[in-house]
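The block underneath contains the structure these notes are about, expressed in structure tokens.
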Amino acid sequence: MRVIQDKTDNHLRLLADLFREFTKTANLNDSLSRALADIVDYVGAEAGSMFLIDHRENKLVCKAAFGPVDVRGMKLEIDQGVVGGVVSTRQPVLIDSTDENEKFTGHVDAVTGFTTRAMITAPLLAGDDCLGAIQLINPVPDDRKFTQADLEALRILSGAAGLALMNARLAKDMAEQDRLKREAQMARDVQESLTARNFDPTDRLVAINLPAREVSGDFYCVMPMPDGSQYFCLADVSGKGAHAGILMARTATLFRMLAKLRTPLPEMLSTMNEELLETSFKGMFVTIVVGKTDGAHVSFASAGHEPVLHYMGPGKYDLHPSQRPPLGISRWMRPPELIQLTLNDGGLYVYTDGVTDGLTRSGEELGMEGIISTLDEIAPLPPKVQV
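In the numbering used here, the protein residues as written are 962 to 1348.
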């Protein structure tokens, strides 16, 4: 009776250790290896391996191994061999002798030179999901055979390992999501500090950015000057993620620096293009419009951006397309054209493709026609009300 109680206590202790191991470490592969070593030692086997399903490749991949040979990284077809059969059926299997079993392919032995005499294999189950399988090879000592009790023990331990592994993955995913949220908020704070600092909408100039996510590839920046004039830019950075955020910050910083130096707009874009050509990431670029306004008078230049719209009333508008490619793609032979306008009626509208590509209530893209139709309705309103 004492022997049974000791075995039960050890069994429960191992189950508790499995869950604790998976929750205390950030290195999942190390946890898998230690858990497998404990299971091999507890059941009594010469070697063991843990295969997990790789859904991207639709294969079984050995993530942990214990014994004379290291088969970590070995890949099997999803239904290959005994492991594949156990994963497919989700039922444990005991093979007394590999010589007498047709399910044993000998693939691993052929690769490693190891000799498999007997094995027990159990699925790694987590609720309705099968994550892979654990396989123990060759009972120890040599004169012993795997028993149904060994198979049942492995089945229970594999189930516990499967649940612990699933919980560890969920915890890791949650931690990663929290990290990404924090990084996204930091990037958002940087973007706002670079683009919206010291700018309050006026009766003549307003701007709005409604990002679909925490950080937008589109950004604007307004620089008030001591004489009452204002420099402004609106840009769209290609790509996503950290690289796009860095490129956005660099572009905004260049604009602010050159605006403070009162750099003429065409030369401003040429300088920005040269700088980004030297430092931008491969394949990334920026479309941009830079401008200056001192009331009713406005001037601007653009590179690779959506056409600037000069709206003068219902059915009356001009489009000013960019004359140069986006920043960061190629060197220019000459600066872009400077456009100068007097805005007596109507207004100047600078936008990104996030507006033209936006969907209406009917599910169709807004497009240029949609913008014009919208302006026909809202253009008489003050600029602050329009946005």
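Every residue gets a Cβ at the ideal spot worked out from N, C-alpha and C, and that includes glycine. Computed from a predicted model, the values in this text were never measured in an experiment.
- Secondary structure of residue 1282 (DSSP, three-state): coil.
- Taking the Cα positions, residue 1016 is about 38 Å away from residue 1180.
- Taken through DSSP and simplified to helix, strand or coil, residue 1128 comes out as helix.
- Residue burial annotation: residue 1129 is buried, with at least 16 other C-beta atoms found within 10 angstroms of its C-beta.
- With contacts defined as CB atoms closer than 8 Å, residue 1112 and residue 1055 qualify as a contacting pair.
- Listed as beta-bridge partners of residue 1334 by DSSP are no residues whatsoever.
- Here residue 1184 is bridged, per DSSP, to 1192.
- Within the region 1232-1314, no alpha helix (DSSP H) run of at least 4 residues lies entirely inside it.
- Just measuring C-alpha positions, the residue of 1024, 1033, 1086 and 1071 sitting nearest residue 1053 is 1086.
- DSSP places residue 1049 in no beta strand (DSSP E) but in the uninterrupted alpha helix (DSSP H) bounded by 1042-1050.
- The beta carbon of residue 1328 sits closer than 6 Å to the beta carbons of 1317 from its chain, once the five residues preceding and following it are set aside; these are given in chain order.
- Annotated three-state conformation of residue 1167 is coil, per DSSP.
- Contact annotation: residue 1193 and residue 1226 have beta-carbon atoms that are not nearer than 8 Å.
- Judged by DSSP in its simplified three-state form, residue 1039 adopts coil rather than helix or strand.
- Nearest in C-alpha terms to residue 1110, of all of 1081, 1238 and 1094, is 1081.
- The beta carbon of residue 1019 sits closer than 8 Å to those of 1039, all from its chain and outside the five residues before and after it, given in chain order.
- DSSP places residue 1221 within a helical segment (H, G or I) once states are collapsed to three.
- Within its own chain, the residues whose Cβ lies closer than 7 Å to the Cβ of residue 1049, once the five positions on either side in sequence are excluded, are 1040, listed in chain order.
- Three or more beta-carbon pairs separated by less than 8 Å link the region 1261-1275 to the region 1298-1311, which places the two stretches in contact.
- For residue 1082, the enclosing beta strand (DSSP E) covers residues 1080-1087.
- By the Cβ-count criterion, residue 1197 is buried, with 16 or more other Cβ atoms from all chains shown falling within 10 Å of its own Cβ.
- In this structure, the straight-line span from the alpha carbon of residue 999 to that of residue 1073 is close to 23 Å.
- Judged by beta-carbon spacing, residue 1095 lies within the 8 Å limit of residue 1115, meaning their Cβ atoms are closer than that value.
- Rounded to whole angstroms, the gap between the alpha carbons of residue 1092 and residue 1123 is 7 Å.
- Looking from the CA of residue 1265, the closest CA among 1184, 1256, 1230 and 1285 belongs to 1285.
- Per DSSP, reduced to three states, the secondary structure at residue 1010 is strand.
- The criterion of a C-beta distance shorter than 8 Å is satisfied by residue 1042 and residue 1068.
- Bounds of any alpha helix (DSSP H) do not take in residue 1101, whose DSSP letter is neither H nor E.
- Its Cα nearest to that of residue 1336, the residue 1278 stands out among 1278, 1325, 1292 and 1245.
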